[in-house]
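Q: Every position in the sequence shown, counted from 1, becomes a number in the working numbering once 18 is added. I'd like to ask some things about the structure below.
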Amino acid sequence: MGLLAHFLQGPHPKTTLLLTRAGPVENPHHLLYSHPGLPLAEEGRKALLALLPLLAPYPLAHLYAADSLAEKEAAALLSQALGLPHTLLPGLRERAWGAWEGLSFAEVEARFPEEVQSWLRDEAGFAPPGGESLLAAWERGKKAVKGLLERHRGQAVLLLGNCTLNRAALSLALPLPPEEGLRVEQDYARLTVVDFYGEAGVVKALNLGPLPKE
């Protein structure tokens, strides 16, 4: 059913989901990381606080984040600045990389050439040794975000997410399959806004905030 048919069924209370990513993080060598992850860089703390003027117009009810290092620190920072309660949830974690955790892409290609070929053939369904497939992380994230939206129907909530989680959340509003998620950029410490009317989502803004440094 398209959005027009959905709206013709009658009014729905608006639930606003505000998404950002906790970062930049301390990752000078561009390593793969998930949980517990990496700490925020000083640049990340400053960038997140710079979001406060953009968040001010929204009557936020709650802040949610993963229980990983950067997200935990970012949640404490913003919840204090906003005077807002926050909750850390394992369901919001980044995709688990298993044996690839802490490696660069070059190291992964050198050590796991056969697995990398399997990954290229099935980007969504492949799971690294001991890790999690993109599809599994995507479905986990969607389930967690759906629960938050149901809990806060008619309110506005802020979600401090990550690369995978934010795109999974956006897929609740857009017909976006996991393997195409990278087509929608989600930068560190920038704001994306999605309004939900029942289960139908409308993307209002993407990546609001200062332009990232090249």
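For each residue, glycine too, the CB sits at the ideal point set by N, CA and C.
#1: When the Cα atoms are used, what is the spatial distance from A59 to N45?
#2: Would you call the segment 116-135 and the segment 177-194 touching, i.e. three or more CB-CB distances under 8 angstroms?
#3: Hey, L106 and A93 are a contact pair by Cβ (cut 8 angstroms); roughly how many whole angstroms apart?
#4: With 9 angstroms as the threshold, decide whether the Cβ of P31 is near any Cβ in chain B.
#5: By Cβ distance, which residues of its chain are closer than 6 angstroms to E232, with the 5 residues on each side in sequence left out?
#6: Using three-state DSSP, classify N225 as helix, strand or coil.
#7: Do T38 and D213 have their CB atoms nearer than 9 angstroms?
#8: With burial defined as no fewer than 16 other Cβ atoms inside 10 Å of the residue's Cβ, what is the status of Q98: buried or exposed?
#9: Rank W156, H53, K90 by C-alpha distance to the C-alpha of P196 and give the top, closest one.
#10: Rank N180, G149, H30, R113 by C-alpha distance to the C-alpha of E210 and give the top, closest one.
#11: In this structure, does DSSP put V202 in helix, strand or coil?
#12: State the Cα-Cα distance for the pair S86 and E112, rounded to the nearest angstrom.
#13: Does the Cβ of E168 have 16 or more other Cβ atoms within 10 Å, making it buried, or fewer, making it exposed?
#14: Using 8 angstroms as the Cβ pair cut-off and three pairs as the minimum, do the segment 157-166 and the segment 61-79 touch?
#15: From the DSSP output, in three-state form, read off R39 for me.
#16: Report the option in E141, R208, G148 whose CA atom is closest to the CA atom of L224.
#17: Let's see if you can read the secondary structure: which residues bound the beta strand (DSSP E) around F130?
#18: Suppose the cutoff is 6 angstroms on Cβ atoms and the five residues either side in sequence are ignored; what does the same chain contact list for Y51 look like?
A: So, from the listed chains and residues:
#1: 8 angstroms
#2: no
#3: 6 angstroms
#4: The chain inventory of the structure shown lacks chain B, comprising one protein chain alone.
#5: Because E232 sits at a pLDDT of 49, beneath the cut-off of 50, its placement in the model cannot be relied upon, and the point is left open.
#6: N225: strand per DSSP, three-state reduction.
#7: No; because the gap between Cβ atoms is not below 9 angstroms, this pair is not in contact.
#8: exposed
#9: W156
#10: Position check: residue 210 holds Thr in this sequence, whereas Glu was assumed. Looking at the Cα atoms, N180 is the closest of the given residues.
#11: coil
#12: 9 angstroms
#13: Counting C-beta atoms within 10 angstroms of its own C-beta, E168 has fewer than 16 neighbours from the protein chains shown and is therefore classed as exposed.
#14: no
#15: In the three-state scheme derived from DSSP, where H, G and I count as helix and E and B as strand, R39 is classed as strand.
#16: Checking every option, the nearest Cα to that of L224 belongs to R208.
#17: The continuous stretches of beta strand (DSSP E) do not include F130, and DSSP gives it neither H nor E.
#18: none
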